[in-house]
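In my numbering, the protein residues as written are 1 to 129.
Just so you know, even glycine gets a beta-carbon here, dropped at the ideal spot from N, CA and C.
One structure is given below, encoded as structure tokens.
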């Protein structure tokens, strides 16, 4: 696998990156239009300022009293802005972790990786060699 590599569709990855960026910007713009706050979805204090705008209560850490905005909290919060922030995080994660990695590590349309196959019910190595 390392020698031949795995074929990836670079054009599709670039197209997907652009689509995700457009969706992310659209959600950011919606929140900004409604609140006047430019939110950073991974920064708890930034998200907390949006929740303060809507008077949505949120948890704080015990030691530092900083806002604690977790995925579980966003999933259970009934307000529409929580859903938007959760979607923002998903889009950002997909773009920055997966698509960017494909584009960064591809060489001539292939990713040369080392795939470590683990034991499963049907096959695979016992020790994970």
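- In the structure shown, residue 4 falls within a coil segment according to DSSP collapsed to helix, strand and coil.
- One alpha carbon belongs to residue 16, the other to residue 111, and they sit about 18 Å apart.
- When DSSP states are grouped into helix, strand and coil, residue 106 belongs to the strand group.
- Here residue 46 has 39, 40 as same chain residues with Cβ atoms under 6 Å from its own Cβ, once five neighbours each way along the sequence are excluded.
- In the three-state scheme derived from DSSP, where H, G and I count as helix and E and B as strand, residue 49 is classed as helix.
- Take the alpha-carbon of residue 55 and the one of residue 102: they are about 40 Å apart.
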